[in-house]
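Undergrad:
There are 2 protein chains.
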Amino acid sequence: MGKYVIDATEGRAKAATFETVHGTIHTPVFMNVGTVAAIKGAVSSVDLHSVGTQVELCNTYHLHVRPGDDVVYKMGGLRPFMCWDGPVLTDSGGFQVFSLGELRKIKEEGVYFHSHVDGRKIFMGPEESMQIQSHLASTIAMAFDECPSSRAERRYVEDSVKRTERWLVRSKAEMDRLNSLPETLNPDQMLFGINQGACFDDIRIDNADYISTLDLDGYALGGLAVGETHEEMYHILDVTVPHLPQNKPVYLMGVGTPANILEGIERGVDFFDCVYPSRNGRHGHVYTKHGKLNLLNAKFELDESPIEEGCGCPACQHFSRAYIRHLLKAKEMLGMRLCVLHNLYFYNRMVADARQAILNNNFSEYKKKMLEGFDNNM
Amino acid sequence: MGKYVIDATEGRAKAATFETVHGTIHTPVFMNVGTVAAIKGAVSSVDLHSVGTQVELCNTYHLHVRPGDDVVYKMGGLRPFMCWDGPVLTDSGGFQVFSLGELRKIKEEGVYFHSHVDGRKIFMGPEESMQIQSHLASTIAMAFDECPSSRAERRYVEDSVKRTERWLVRSKAEMDRLNSLPETLNPDQMLFGINQGACFDDIRIDNADYISTLDLDGYALGGLAVGETHEEMYHILDVTVPHLPQNKPVYLMGVGTPANILEGIERGVDFFDCVYPSRNGRHGHVYTKHGKLNLLNAKFELDESPIEEGCGCPACQHFSRAYIRHLLKAKEMLGMRLCVLHNLYFYNRMVADARQAILNNNFSEYKKKMLEGFDNNM
Chain A
1 MGKYVIDATE
11 GRAKAATFET
21 VHGTIHTPVF
31 MNVGTVAAIK
41 GAVSSVDLHS
51 VGTQVELCNT
61 YHLHVRPGDD
71 VVYKMGGLRP
81 FMCWDGPVLT
91 DSGGFQVFSL
101 GELRKIKEEG
111 VYFHSHVDGR
121 KIFMGPEESM
131 QIQSHLASTI
141 AMAFDECPSS
151 RAERRYVEDS
161 VKRTERWLVR
171 SKAEMDRLNS
181 LPETLNPDQM
191 LFGINQGACF
201 DDIRIDNADY
211 ISTLDLDGYA
221 LGGLAVGETH
231 EEMYHILDVT
241 VPHLPQNKPV
251 YLMGVGTPAN
261 ILEGIERGVD
271 FFDCVYPSRN
281 GRHGHVYTKH
291 GKLNLLNAKF
301 ELDESPIEEG
311 CGCPACQHFS
321 RAYIRHLLKA
331 KEMLGMRLCV
341 LHNLYFYNRM
351 VADARQAILN
361 NNFSEYKKKM
371 LEGFDNNM
Chain B
1001 MGKYVIDATE
1011 GRAKAATFET
1021 VHGTIHTPVF
1031 MNVGTVAAIK
1041 GAVSSVDLHS
1051 VGTQVELCNT
1061 YHLHVRPGDD
1071 VVYKMGGLRP
1081 FMCWDGPVLT
1091 DSGGFQVFSL
1101 GELRKIKEEG
1111 VYFHSHVDGR
1121 KIFMGPEESM
1131 QIQSHLASTI
1141 AMAFDECPSS
1151 RAERRYVEDS
1161 VKRTERWLVR
1171 SKAEMDRLNS
1181 LPETLNPDQM
1191 LFGINQGACF
1201 DDIRIDNADY
1211 ISTLDLDGYA
1221 LGGLAVGETH
1231 EEMYHILDVT
1241 VPHLPQNKPV
1251 YLMGVGTPAN
1261 ILEGIERGVD
1271 FFDCVYPSRN
1281 GRHGHVYTKH
1291 GKLNLLNAKF
1301 ELDESPIEEG
1311 CGCPACQHFS
1321 RAYIRHLLKA
1331 KEMLGMRLCV
1341 LHNLYFYNRM
1351 VADARQAILN
1361 NNFSEYKKKM
1371 LEGFDNNM
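Going line by line, the protein sequences match chains A and B.
Just so you know, the first sequence maps onto residues 1 to 378 in the working numbering.
Just so you know, the second sequence maps onto residues 1001 to 1378 in the working numbering.
(1) Determine, for Ala137 (chain A), whether the minimum Cβ-Cβ distance to residues of chain B falls below 9 Å.
(2) Along the beta strand (DSSP E) that carries Arg1104 (chain B), what are the first and last residues, could you check?
(3) For the putative contact between Leu1328 (chain B) and Leu1296 (chain B), defined by C-beta atoms under 8 Å, what is the C-beta separation to the nearest angstrom?
(4) Verify whether the separation of the beta carbon atoms of Glu191 (chain A) and Val1043 (chain B) is less than 9 Å.
(5) Using a cut-off of 8 Å between C-beta atoms, extract the partners of Tyr323 (chain A) located in chain B.
(6) My output table needs one value for Leu1089 (chain B): the three-state DSSP class, helix, strand or coil.
(7) For His462 (chain A), which of A:Lys331, A:Glu304, A:His326 and A:Lys368 has the nearest alpha-carbon?
(8) Which full runs of the beta strand (DSSP E) of 3+ residues lie inside the stretch 1290-1344 of chain B, going along the chain?
(9) Note down, in chain order, all residues in the stretch 1325-1348 of chain B with a beta-carbon under 9 Å from any beta-carbon belonging to chain A.
(10) Please name the residue in A:Asp270, A:Pro245, A:Val65 and A:Ala259 whose C-alpha comes closest to that of Lys121 (chain A).
(11) So the alpha helix (DSSP H) Gly1281 (chain B) belongs to, where does it begin and stop?
(12) Might you give, ordered along the chain, the residues of its own chain that have their beta carbon closer than 7 Å to the beta carbon of Asn1247 (chain B), omitting 5 neighbours on each side?
(13) Under 9 Å between beta-carbons, which chain D residues line up against Glu1174 (chain B)? List them in chain order, please.
(14) Out of A:Val117, A:His22 and A:Asp91, which one is the CA nearest neighbour of Asp85 (chain A)?
(15) Between Ser278 (chain A) and chain B, is the shortest Cβ-Cβ distance under 9 Å, so that the two count as touching?
(16) Contact criterion: CB-CB distance below 9 Å. Does His1283 (chain B) meet it with respect to chain A?
(17) Could you check the C-alpha separation between Met82 (chain A) and Tyr61 (chain A) for me, to the nearest Å?
(18) With the cut-off set at 9 Å, would you say Asn348 (chain A) and Gln131 (chain A) are in Cβ contact?
(19) Can you list the alpha helix (DSSP H) stretches of 4 or more residues lying completely in the stretch 1172-1218 of chain B, in chain order?
(20) Run through chain B and tell me which residues come within less than 9 Å of Lys40 (chain A), C-beta to C-beta.
(21) Please list the partners that Glu301 (chain A) has in chain B, where partner means a Cβ-to-Cβ separation under 8 Å.
(22) Considering Cα atoms alone, identify which of B:Val1161, B:Ile1203, B:Ala1298 and B:Asn1186 is closest to Leu1136 (chain B).
(23) Measuring straight from C-alpha to C-alpha, what distance separates Pro148 (chain A) and Gly223 (chain A)?
(24) Alpha carbon to alpha carbon, how far is Val1241 (chain B) from Ala1015 (chain B)? Give it in angstroms, no decimals.
(25) Please compile the residues from chain A whose C-beta is within a distance smaller than 8 Å of the C-beta of Val1043 (chain B).
(26) Since Ile1205 (chain B) contacts Val1239 (chain B) with CB under 8 Å, what's their CB separation in whole angstroms?
(27) The beta strand (DSSP E) spanning Phe272 (chain A) covers which residue range?
(28) Please go through the same chain and pick out, in chain order, the residues whose beta-carbon is closer than 6 Å to the beta-carbon of Pro306 (chain A), but skip the five residues on each side of it.
(29) First and last residue of the alpha helix (DSSP H) that includes Ala1016 (chain B)?
(30) Please report the Cβ distance between Asp47 (chain A) and Leu341 (chain A), rounded to the nearest whole angstrom; I am assuming they are in contact, meaning their Cβ atoms lie under 8 Å.
(31) Tell me the DSSP secondary structure of Asn1348 (chain B) in three-state form.
(32) Taking the alpha-carbon of Gly1077 (chain B) as reference, which of B:Cys1058, B:Ala1357 and B:Val1029 has the nearest alpha-carbon?
(33) Per DSSP, which one or two residues make a beta bridge with Cys147 (chain A)?
(34) Against Val46 (chain A), what residues of chain B qualify as contacts under a CB-to-CB distance less than 7 Å, listed in chain order?
(35) Answer with buried or exposed for Lys107 (chain A), where buried requires no fewer than 16 other C-beta atoms within 10 angstroms of its C-beta.
(36) Does Asn361 (chain A) come out as helix, strand or coil in the three-state DSSP assignment?
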């Protein structure tokens, strides 16, 4: 079980320290997404040390399909496999399975679906998800949940959330069982529960109250940033986070833009993850305090400055906008790698600065200044 | 002009030191190919320090087309543009132009051809090639030559070599003129001449004798490893290298396999370059002292050992064959990057070891031992 200590608060914003068996996490924290045990854009776990990463996130469904969680287990778990010495969080596989749409069938026991790689039929329920995550030996496992659309009908969401609650109880029982097995790789594997309820305040709140009674290691908000407006998402955070335990970390899953993250921190969120920095980087879109730049733009052809003046990332230490633009135009992988490294550094640095601001009791000022600098796309 | 000092010889094999305005080169040396000012496989010039690179090679034709040598000139030349602090060699553009086949027309003044990027008509002769290379500001420029097929008819080769000789005189005059201009970025830019003659001993020898009378900074053998057998290539080296100046470096262009390189060193070659290590790396084919491995092979699925035991490359320092195989199967760019880094290290290390062996007067033993270890594909 992780030890969670709040170092400082400012309004509902928190700076905390979360001790795990794989290292200490200082929150707020942005987890860097390494879907199949690698950050897309030719970035290795070793490279992550140079961009200030604290936690790497990997996707259970993808790793179950390839190389197989049995392979990762035999290699000693994800951390030695991908050579990352810090904490790892694995999702439950649910989100990917539910995005398969017509390809899957939901039952009380779990979900039947077809692999996106070879089409073979797979079943995943709470027990299977925990078993796979136990094989992957992450620091933090996520409970198996359904993620209903933010536009789903009330009746559907009510039924779905009730089933997810039953799945949470099964997830916890199975994780407890797995952690006590002699052959488990990480007997201290933690489990976070997931709050759902689409955009219905009362369903979100009832669910938050219920899952808080289970003694989990942390609590996540799922099913956000999947179609609702930013304002709806902030509203759900406003009404739900106060109903989660104050002595446990809060994780807002799959969110989001730099502005989303600052708004989330203000509303008491500790953990974030998002594919934006790596996905945008691969398309030559890079983040700066003054807005997002498209490096493919002709105006950067002769621009000798780094992506962002004063940035300490491995790209900005050495290379100019003009050079990176040339690489992107020539479709050289190196261009993508440099943009991804910069973007991860930008996100990691932004939340580290937010933490420092909370410790200094000037987060509200920091957030205001950052948001003023961002362009509309941020 | 570079200062070339032979440190030791063993038979015709040489270990030499070549002083350039951009740093000292210890030969034999394998130059790492960064076609468009970047090593394919997401490897930057900064990364090259970790794989023992001495010289980076860039392709004049590709850079002329994109981003344009005028852009590179305005950015201060290739070295600051790609952030490489060591020596750079640029080819003349001739080889790429001549591989365009039906798309080009050869005249006394030079070659008319169409860009592979946008189809626009381009003319390149000796003067244009030197002007572009002067813009790129490489340490060593190559003379503009025609590279006839190793199977071309005698009459064609005779005419071609005579024209290449006239182009060499024009290349030298133009490089001298450019180096004396106040706006030149590298007034010490060196020029290597290129020996041609397909597989005709007498044409090769006559050409070598002639170009040796021009006071060039080094001498290359071109038109090899383009269709003839390895034995034919070694024979051409045997008969031609003794006719090149012994007080200048010798460069075997575009060669080759590890075995080819050891045979070249034995025959007095100083400089090599080849796309094999990066191209093979991108396909998951990696070099070891015991032969080439295809990491996609199922037998590596659970292989916890590095690509090569005891290897000091950035991939072998951290990652297993099993992990890299997984990345390659999942088409993660990181897999390609790690294989390319390993292969460049392997080549760079092999020639560095060959140099040390020559200094120790046991190159012949070193070569024998290495060749015994290689499988047929090496």
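Even glycine gets a Cβ: it sits at the ideal position worked out from N, Cα and C.
TA: Walking through what the data contain:
(1) Output row for Ala137 (chain A): interface = no.
(2) Taken as a continuous stretch (DSSP letters only), the beta strand (DSSP E) holding Arg1104 (chain B) covers Arg1104 to Ile1106.
(3) Here Leu1328 (chain B) really is in contact with Leu1296 (chain B); their C-beta atoms are around 6 Å apart, less than 8 Å.
(4) The residue asked about is misnamed: residue 191 (chain A) is Leu in this sequence, not Glu. No, the pair does not count as a contact, with Cβ atoms beyond the cut-off.
(5) Within chain B, the C-beta atoms nearer than 8 Å to that of Tyr323 (chain A) come from Ala1037, Met1075, Phe1081, Met1082 and Cys1083, in chain order.
(6) In the structure shown, Leu1089 (chain B) sits in a strand (DSSP, three-state: E or B).
(7) Within the shown structure, residues of chain A are numbered from 1 to 378, placing residue 462 (chain A) beyond reach of any answer.
(8) The stretch 1290-1344 of chain B contains these whole beta strand (DSSP E) runs: 1291-1294.
(9) Flagged, chain order: Arg1325, His1326, Leu1327, Lys1329, Ala1330, Glu1332, Met1333, Leu1334, Gly1335, Met1336, Arg1337 and Leu1338.
(10) Minimum Cα-Cα distance from Lys121 (chain A) among the listed residues A:Asp270, A:Pro245, A:Val65 and A:Ala259 corresponds to A:Val65.
(11) Per DSSP, Gly1281 (chain B) belongs to the alpha helix (DSSP H) from Tyr1276 to Arg1282.
(12) Tyr1004.
(13) In the displayed structure, chain D is absent; the protein chains listed are A and B.
(14) The shortest Cα separation from Asp85 (chain A) among A:Val117, A:His22 and A:Asp91 belongs to A:His22.
(15) Output row for Ser278 (chain A): interface = no.
(16) Residue contact with chain A for His1283 (chain B): absent (no Cβ-Cβ distance below 9 Å to any residue of chain A).
(17) Here the alpha carbons of Tyr61 (chain A) and Met82 (chain A) stand approximately 17 Å from one another.
(18) The Cβ-Cβ distance between Asn348 (chain A) and Gln131 (chain A) does not fall below 9 Å.
(19) Scanning the stretch 1172-1218 of chain B from its first residue to its last, the whole alpha helix (DSSP H) runs of 4-plus residues come out as 1201-1213.
(20) Those within 9 Å of Lys40 (chain A) in chain B are Glu1332, Met1333 and Leu1334.
(21) When 8 Å is used as the limit between beta carbons, Glu301 (chain A) is near these residues of chain B: Pro1067 and Val1071, in chain order.
(22) Nearest C-alpha to Leu1136 (chain B) among B:Val1161, B:Ile1203, B:Ala1298 and B:Asn1186: B:Asn1186.
(23) When rounded, the distance between both Cα atoms is 7 Å.
(24) Spanning the two alpha carbons is a distance of roughly 15 Å.
(25) Within chain A, the residues near Val1043 (chain B) are Leu334.
(26) The pair is a contact, with the Cβ atoms about 6 Å apart (cut-off 8 Å).
(27) If you look at Phe272 (chain A), you'll find it in the beta strand (DSSP E) that goes Phe271 to Asp273.
(28) These residues qualify, in order along the chain: Cys316.
(29) Per DSSP, Ala1016 (chain B) belongs to no alpha helix (DSSP H); it is in the beta strand (DSSP E), Ala1013 to Thr1020.
(30) Sure, about 7 Å apart at Cβ, within 8 Å.
(31) Three-state DSSP puts Asn1348 (chain B) in a helix.
(32) Comparing C-alpha distances from Gly1077 (chain B) to each of B:Cys1058, B:Ala1357 and B:Val1029 shows the shortest one belongs to B:Cys1058.
(33) None, per the DSSP bridge assignment.
(34) Residues of chain B with a Cβ closer than 7 Å to the Cβ of Val46 (chain A) are, in chain order, His1318.
(35) Exposed.
(36) Note: Asn361 (chain A) maps to coil in three-state DSSP.
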